[in-house]
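Trainee: Dumping the structure here so I can ask a few things about it.
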Amino acid sequence: MTFVFGALLLLSGCVKSGIVSYELRYSDPSLASDLAPAALRAVQGRLLALKQPEASKSAVLNASGSVISVFLPSDVADTLTKQLATPLNFSIMTQATAADAEITVEKFGALKGSGITEKDIAKTVANAADKDGKASATLIFTPEGAAIWKKVCTANVGKILALTVRHHLVTTLSITKTDGQSSAITVSGIPPAMAQAFADDMNVGSHVAFVPLSSPLKP
308 MTFVFGALLL LSGCVKSGIV SYELRYSDPS LASDLAPAAL RAVQGRLLAL
358 KQPEASKSAV LNASGSVISV FLPSDVADTL TKQLATPLNF SIMTQATAAD
408 AEITVEKFGA LKGSGITEKD IAKTVANAAD KDGKASATLI FTPEGAAIWK
458 KVCTANVGKI LALTVRHHLV TTLSITKTDG QSSAITVSGI PPAMAQAFAD
508 DMNVGSHVAF VPLSSPLKP
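Residues 308 to 526 (this note's numbering) are what the sequence shown spells out, left to right.
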């Protein structure tokens with residue numbers, strides 16, 4: 308794939324622009340074929356959120372799935388690099404007293420970790436939209452994560468748990484007696500595009516490190 312530099316020169320203005328490349332380092336190389344496209348979508352989504360649609364279009368993955376390159380202004384490159392380096396910090400959290408709180412979420416209150424983090428999630432899958440146009444995402448536990456989940460549910464029947472990412476509330480779960488028997492959690496009622504973005508963020512944030520290359524690669 309090649310960059311269409313004529314169109315991308317519009318990005319330059321008074322700010323220096325250029326190619327920025329990130330090496331993708333996978334926690335498990337066997338997952339690379341699935342994670343590489345997700346990593347590209349994650350980069351494109353972040354650039355759209357930064358109001359850089361042309362830069363988002365320019366992002367490409369090399370043939371081996373090991374490097375993502377993108378043409379963008381230097382100040383945006385700095386912001387993107389910082390965002391990609393920010394840990395996922397996924398947690399399933401329980402309600403807590405102010406004294407025990409690890410974080411406090413507006414409209415929900417004090418929370419503390421249950422012991423379940425991204426290391427306990429094997430993968431997250433975006434599910435197709437239902438007849439009402441709402442999609443869902445399913446978080447599948449590792450065997451170790453499923454065991455912790457069962458204990459957490461047993462201790463919190465009738466209570467509400469919170470799913471947080473980067474210390475922000477994603478959704479809440481009202482726990483019943485049977486929830487601990489499941490090896491997965493489904494977050495439902497979300498727009499299809501958001502379901503895929505959430506799944507990508509979970510999978511990439513858990514298993515991929517973005518390492519800036521000192522010598523960017525031309526795609």
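For each residue, glycine too, the CB sits at the ideal point set by N, CA and C.
#1: Could you check what DSSP says for residue 465 in three-state terms: helix, strand or coil?
#2: Taking 8 Å as the threshold, find out whether the segment 353-366 comes into contact with the segment 375-393 through three or more Cβ pairs.
#3: Which whole-angstrom value describes the C-beta separation of residue 511 and residue 346, a residue pair presumed to lie in contact below a C-beta threshold of 8 Å?
#4: Pick helix, strand or coil for residue 510, following the three-state DSSP scheme.
#5: Given a cut-off of 7 Å, decide if residue 445 and residue 500 are closer than it, judged by their beta-carbon atoms.
#6: So the candidates are 330, 340 and 394; which of them puts its Cα closest to the Cα of residue 425?
#7: Can you grab the Cα-Cα spacing for the pair residue 483 / residue 330, in whole Å?
#8: Which of the three DSSP states is assigned to residue 402 in this structure?
#9: For the alpha helix (DSSP H) containing residue 330, list its first residue and its last residue.
#10: For residue 496, I'd like the list of residues in its chain whose CB is within less than 6 Å of its CB, leaving aside the five on either flank, ordered along the chain.
#11: Among 404, 507, 328 and 324, which one has its Cα closest to the Cα of residue 547?
#12: Decide if residue 327 is buried, meaning its Cβ has at least 16 other Cβ atoms within 10 Å, or exposed.
#13: Does DSSP put residue 363 in a helix, in a strand, or in coil?
#14: So residue 391 is in the alpha helix (DSSP H); what residue range does that whole segment cover?
#15: Can you look up residue 357 in the DSSP assignment and give me helix, strand or coil?
#16: Quick one: is residue 392 buried, meaning 16 or more other Cβ sit within 10 Å of its Cβ, or exposed?
#17: If we call anything under 7 Å between Cβ atoms a contact, is residue 372 one with residue 343?
Mentor: The relevant details are as follows:
#1: coil
#2: yes
#3: 5 Å
#4: helix
#5: no
#6: 394
#7: 43 Å
#8: strand
#9: Taken as a continuous stretch (DSSP letters only), residue 330 belongs to no alpha helix (DSSP H), being part of the beta strand (DSSP E) at 324-333.
#10: 441
#11: No answer is possible for residue 547: it lies beyond the span of the chain, which begins at 308 and ends at 526.
#12: buried
#13: helix
#14: 381-392
#15: coil
#16: exposed
#17: yes
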